[in-house]
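**Student:** This is the structure, below, for whatever I ask next.
Residue numbers (the numbering used here): 478 to 598.
In structure tokens, the structure reads:
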């Protein structure tokens with residue numbers, strides 16, 4: 478008998494149905510429902526191969542939301558963070574460098590440049 482222990486306790490997920498967490502199971506069911514609805518809605522209008530691709534493309538976002546995590550965030554947390562940072566509260570950061578060494582020696586550098594110009598003239 479083998480017991481798997483996660484290195485990080487926060488990575489633990491409890492398996493509820495068919496080895497899936499409740500979140501994964503819910504979004505898997507949602508993906509199946511969307512695929513079936515798309516199949517029956519689009520079957521009279523387009524061919525079988527096209528309908529199958531449309532079902533896959535329609536179900537993919539729902540399936541992905543249940544399984545994909547990005548930087549420890551679930552899909553809806555990531556979408557909300559992206560919306561806030563890009564659309565709701567965008568911030569423009571300006572960077573202006575300050576060279577303390579140049580500021581301290583600015584007078585000396587200018588004097589050397591003036592002398593160099595006098596020598597070349």
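Every residue, glycine too, gets a C-beta built ideally from N, C-alpha and C.
Nothing here was measured: the structure is a model prediction, and the numbers come from that model.
#1: Could you tell me whether the stretch 496-511 touches the stretch 536-548, where touching means 3 or more Cβ pairs closer than 8 Å?
#2: Bridge partners for residue 547 per DSSP, in chain order?
#3: Roughly how many angstroms separate the alpha carbons of residue 571 and residue 520, rounded to a whole number?
#4: State the DSSP-derived secondary structure class of residue 538, mapped to helix, strand or coil.
**Tutor:** Once the coordinates are examined:
#1: yes
#2: Locating residue 547 in the chain shown gives position 70, where the first residue counts as 1. Note: residue 547 sits in a beta bridge opposite 550.
#3: The count along the chain shown starts at 1 and reaches residue 571 at position 94. The count along the chain shown starts at 1 and reaches residue 520 at position 43. Approximately 54 Å, taken between the alpha carbons.
#4: Numbered from its first residue, the chain shown carries residue 538 at position 61. Correct three-state label for residue 538: helix.
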